[in-house]
DNA sequence: GCTCGTTTTTGAGCTATCGCAAACACCCTG
DNA sequence: CAGGGTGTTTGCGATAGCTCAAAAACGAGC
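Protein chains in written order, with my numbering: chain U, 5 to 240; chain V, 5 to 240.
Right, here's the structure in full:
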């Protein structure tokens, strides 16, 4: 098992309040693994045997209906935890996790969680905070889906992705991992066709530059304007 | 300040793992208050000075957009906590809480939370579990909003309400607090008009019996069937 | 450099649902 | 028990976005 350098992860929210000398003890319980692009890390419904901390790459968490439709729950960026089923008392993963880029994660066995929490109560507090934040984001998403039109929702989604995983270029901000029209549709509750039409329109207006699984926001501010536009303030 | 009987709350999930003799110490930090029907318990954006445990009644948590549209985040039933902003590290309430019936709640000052958690780590673990469960429910709701039609979403919403706060009658299951078409619309991302039409239809078919802020599921199983019907398996 | 599979684009019609408007029913109050 | 306010029903037109369909663009591998 490769040794993890504590200095690389010490600053993460998960370890807030944990003394540096204790961090090593926590990390000793973890192993790390590499996931090639497009491989599954765990499947919805599978036994939640581990929980994860993403070190490199990007992971898509998606939920599937009985009838096969999918939604993207979120994209995981480096430094974030995922697969926390056990912390919330679920025996099985409620979603599927796929590496969308070559990725590396730290992996703890679910069974280690109770012991870790007992020894380092900050872990529970920190995780509570994380999960709470996600809950709020989730409510915001519900609010958007209930009250906004598709174009605005797509605008919001891209802005969020840019904030979380945007890479600054001279020409604008690029979403730093491969993402398809279909993925965006599954984040916003629409179809890939509609997303394609919207992005085509934006490209015309010089708001974005995009291609196969690639999006650059050329005019982030312009997109903010779109995102906040009231439903009827029509374009020319 | 009225003394709270520990035996009434000892079994609640929040206090799992807390020794009975300690429970009193926790309750000593709380006061209780009565909220008349339709009164606000706290407002979205206000300082999160307290967190709550509902003892009697029902509370609606709703989120408002800048432009005034609302969604219902959830209904709180007796025994559930709400207003947990502090636990997730938010200084202000992200939603408004309204008593939909005469209600009674225990109230702790936000400032007491860190001390309580330090002294009784199970509180953090239990709260994590609660928040985690809500997160999953929230994701389920997003999934439904993305993939199902309005009628199915309304069916799911009513079934959930019935499970959480249903009162068994001979004639069926009654939602045990006042709830309007508008409220249901705000839970499912539609309009009161559409909800009204749907319920009218169901009433014709004998699935429900409903009136002003009142709904009885006369044929819960029939509604389950509706809820699970695939989008196109058309009715006669 | 060509081939194959995937992703994206675009068109055209269709429909579930919205938005508006008006009438109606119910409940509480005085 | 009449009045006023809130919640509900229903009709009708408008439309955002979906569905189906097909072509085009792109990238990876041979």
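We put the beta carbon where it would ideally sit given N, CA and C, even for glycine. It should be emphasised that the depicted structure is a prediction, and the values quoted were computed from it without experimental measurement.
Given residue i as reference, the closest of the options once Cα atoms are compared
| i | options | result |
| --- | --- | --- |
| residue 84 of chain U | U:57, U:63, U:98, U:195 | U:57 |
| residue 74 of chain V | U:191, U:205, U:193, U:152 | U:152 |
| residue 40 of chain V | V:24, V:101, V:15, V:68 | V:101 |
| residue 59 of chain V | V:24, V:13, V:52 | V:13 |
| residue 190 of chain V | U:118, U:119, U:150, U:86 | U:150 |
| residue 67 of chain V | V:29, V:168, V:154, V:187 | V:187 |
| residue 38 of chain V | V:218, V:63, V:204, V:114 | V:63 |
| residue 198 of chain U | U:162, U:233, U:154 | U:154 |
| residue 51 of chain U | U:205, U:72, U:95, U:86 | U:95 |
Distance CB(residue i)-CB(residue j) smaller than 8 angstroms
| i | j | result |
| --- | --- | --- |
| residue 46 of chain U | residue 79 of chain U | no |
| residue 143 of chain U | residue 77 of chain V | yes |
| residue 91 of chain U | residue 136 of chain V | yes |
| residue 182 of chain U | residue 104 of chain U | yes |
| residue 185 of chain V | residue 213 of chain V | no |
| residue 116 of chain U | residue 33 of chain U | yes |
| residue 107 of chain V | residue 49 of chain V | no |
| residue 139 of chain U | residue 138 of chain V | yes |
| residue 131 of chain U | residue 18 of chain V | no |
Residues near residue i by beta carbon distance below 7 angstroms, same chain, minus five either side
| i | result |
| --- | --- |
| residue 216 of chain V | none |
| residue 209 of chain V | none |
| residue 99 of chain U | 48, 65, 66, 67, 77 |
| residue 16 of chain V | 83 |
| residue 86 of chain V | 56, 58, 63, 65, 80, 101 |
6 angstroms CB neighbourhood of residue i in its chain, flanking five on each side removed
| i | result |
| --- | --- |
| residue 178 of chain U | 171, 220 |
| residue 88 of chain V | 55 |
| residue 70 of chain U | none |
| residue 196 of chain U | 185, 186, 189 |
| residue 118 of chain V | none |
| residue 22 of chain V | 124, 126 |
Rounded straight-line distance, which links the Cα of residue j to that of residue i
| i | j | result |
| --- | --- | --- |
| residue 127 of chain U | residue 156 of chain V | 39 angstroms |
| residue 27 of chain U | residue 124 of chain U | 10 angstroms |
| residue 201 of chain V | residue 65 of chain U | 36 angstroms |
| residue 81 of chain V | residue 24 of chain U | 42 angstroms |
| residue 148 of chain V | residue 158 of chain V | 10 angstroms |
| residue 145 of chain U | residue 192 of chain U | 8 angstroms |
| residue 53 of chain U | residue 113 of chain U | 6 angstroms |
| residue 134 of chain U | residue 173 of chain V | 42 angstroms |
| residue 31 of chain U | residue 11 of chain U | 11 angstroms |
| residue 163 of chain V | residue 194 of chain V | 17 angstroms |
| residue 218 of chain U | residue 72 of chain V | 35 angstroms |
Span of the alpha helix (DSSP H), counted from its first residue to its last, around residue i
| i | result |
| --- | --- |
| residue 136 of chain U | 125-151 |
| residue 74 of chain U | Residue 74 of chain U -> not in any alpha helix (DSSP H); beta strand (DSSP E) instead, spanning 74-80. |
| residue 166 of chain V | 154-169 |
Same chain, Cβ closer than 8 angstroms to residue i, neighbours up to 5 away in sequence not counted
| i | result |
| --- | --- |
| residue 211 of chain U | 221, 222, 223, 226, 227, 230 |
| residue 36 of chain U | 5, 6, 8, 59, 108, 109, 110, 111 |
| residue 20 of chain U | 126, 130 |
| residue 238 of chain V | The pLDDT assigned to residue 238 of chain V is 48, lower than 50, so where the model puts this residue is not dependable, and the model offers no usable value. |
| residue 233 of chain V | 156 |
| residue 204 of chain V | none |
| residue 169 of chain U | 62, 79, 81, 179, 180, 181 |
| residue 43 of chain U | 102, 103 |
N-terminal and C-terminal residue of the beta strand (DSSP E) that residue i is part of
| i | result |
| --- | --- |
| residue 113 of chain U | 107-113 |
| residue 203 of chain U | Element bounds for residue 203 of chain U: not the beta strand (DSSP E) but the alpha helix (DSSP H), 196-208. |
| residue 35 of chain V | 35-39 |
| residue 44 of chain V | 44-46 |
| residue 60 of chain V | 54-60 |
| residue 219 of chain U | 218-221 |
| residue 185 of chain U | Residue 185 of chain U -> not in any beta strand (DSSP E); alpha helix (DSSP H) instead, spanning 185-192. |
| residue 104 of chain V | Run containing residue 104 of chain V: none; DSSP gives neither H nor E here. |
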